[in-house]
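Heads up, the thing below is written out as structure tokens.
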Amino acid sequence: MAEPQLSVRSSKARELAHRLARRENRSIADVVERALESYEIREAGREPASSFYSRLAMQFGTDIDLETVMRKDRYPHQGVDL
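1281 is the number that the working numbering gives the last residue of the sequence shown; the numbers go up by one with no jumps.
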């Protein structure tokens, strides 16, 4: 039974897949599979920053200004006492 084929309409994507397959000495299908697996791992599990911060604010009820907290406890170094 023949394996299903992926049709790519982008000439740029096709050229890149061919170039990587030649360089890596792999099949084009293997290159595409590995790239998509890597993309899934890297991108699929991420939560957008805006929803992350709004979720934190809802869970903890406070929104602190980190810059103010850091500035409050910062003191200039007096230098070396000679």
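Built from N, CA and C at the ideal position, the CB exists for glycine as well. Small disclaimer: the values here were computed from a predicted structure and weren't measured.
Suppose the cutoff is 7 Å on Cβ atoms and the five residues either side in sequence are ignored; what does the same chain contact list for R1213 look like? The sequence position of residue 1213 within the sequence shown is 14, counting from 1. Around R1213: V1207.
Can you tell me whether A1212 sits near the ligand NAP, meaning its C-beta is under 6 Å from at least one heavy atom of the ligand? Of the ligands one can find in the structure shown there are none, so the ligand NAP has no counterpart to examine.
Where the alpha helix (DSSP H) containing V1230 begins and where it ends: Counting from 1 along the sequence shown, the entry for residue 1230 is found at position 31. Counting along the chain, the alpha helix (DSSP H) containing V1230 begins and ends at 1227-1238.
Are the CB atoms of V1230 and L1219 nearer to each other than 7 Å? What you label residue 1230 is simply residue 31 of the sequence shown in a count that begins at 1. What you label residue 1219 is simply residue 20 of the sequence shown in a count that begins at 1. A contact, by the Cβ cut-off of 7 Å.
If you drop the 5 nearest sequence neighbours on each side, which residues of the same chain put their C-beta closer than 7 Å to that of L1281? What you label residue 1281 is simply residue 82 of the sequence shown in a count that begins at 1. Excluding sequence neighbours, L1281 sits near nothing in its chain.
Straight-line CA distance for A1256 to E1236? Within the sequence shown, the letter at position 57 stands for residue 1256. Within the sequence shown, the letter at position 37 stands for residue 1236. Taking C-alpha positions only, A1256 is separated from E1236 by approximately 33 Å.
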